[in-house]
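By numbering that gives the first Met the number 0, the letter at position 113 of the sequence shown is numbered 112, and the numbering carries on one by one without gaps. Beta carbons: idealized from backbone N, C-alpha and C, even for Gly.
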Amino acid sequence: MKVTIPAPNRRLGTFEWIGLVGLGGLLVGRYVPVARLIPFWGCVLREHTGWPCLGCGLTRVADRVAHFNIPGAWEANPLGTVFALLFAAAAVVTLLHFLFALPIPEVELEEREWRWVRIAFPLVLLVNYAYVVVHTRFPHLLA
0 MKVTIPAPNR RLGTFEWIGL VGLGGLLVGR YVPVARLIPF WGCVLREHTG WPCLGCGLTR
60 VADRVAHFNI PGAWEANPLG TVFALLFAAA AVVTLLHFLF ALPIPEVELE EREWRWVRIA
120 FPLVLLVNYA YVVVHTRFPH LLA
């Protein structure tokens with residue numbers, strides 16, 4: 000892994016875009032009741048089969064993280080909560096970057112490290128989905 004720290008700047012790069020998207024998502028989650036405003040909002044797969052999709056619970060995660068209800072967000076979708084918190088952290092760092100020209104370190108992974116990411120992420124996604132399925136379909140197993 001190679002980490003470089005650039006000179007102070009206010010450039011708009013990939014990380015800053017992620018931070019701005021995170022900020023937008025948290026503001027929507029905080030101030031716009033999406034699930035109540037849009038009548039067709041919901042999981043079509045879950046409505047028709049009773050089984051959750053990979054993204055089930057993400058609207059609740061955004062709403063709960065934006066309202067600082069981290070345990071409730073974790074209950075809805077653990078991996079979604081981790082990513083929502085990472086988006087929130089990216090939003091804070093992006094705001095500091097623009098306000099104070101804070102340099103954001105650039106991280107470059109080697110091929111071997113990318114290989115581990117490509118192996119680990121699907122496994123983490125599978126474990127998260129298993130939790131969401133058990134939590135949704137068989138809640139008595141978690142009690």
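Item, Value
"DSSP has GLU110 in a bridge; who is on the other side?", "Paired residues: none, contrary to the question."
"What residues are listed by DSSP as bridge partners for MET3?", "Checking the sequence shown, residue 3 turns out to be Thr, not Met. Looking at the DSSP assignment, THR3 forms a beta bridge with GLU105."
"With three or more C-beta pairs closer than 8 angstroms as the rule, is the stretch 18-27 touching the stretch 81-97?", "yes"
"What's the C-alpha gap between ARG136 and LEU98?", "46 angstroms"
"First and last residue of the alpha helix (DSSP H) that includes LEU22?", "13-30"
"Can you tell me whether DSSP reads ILE69 as helix, strand or coil?", "helix"
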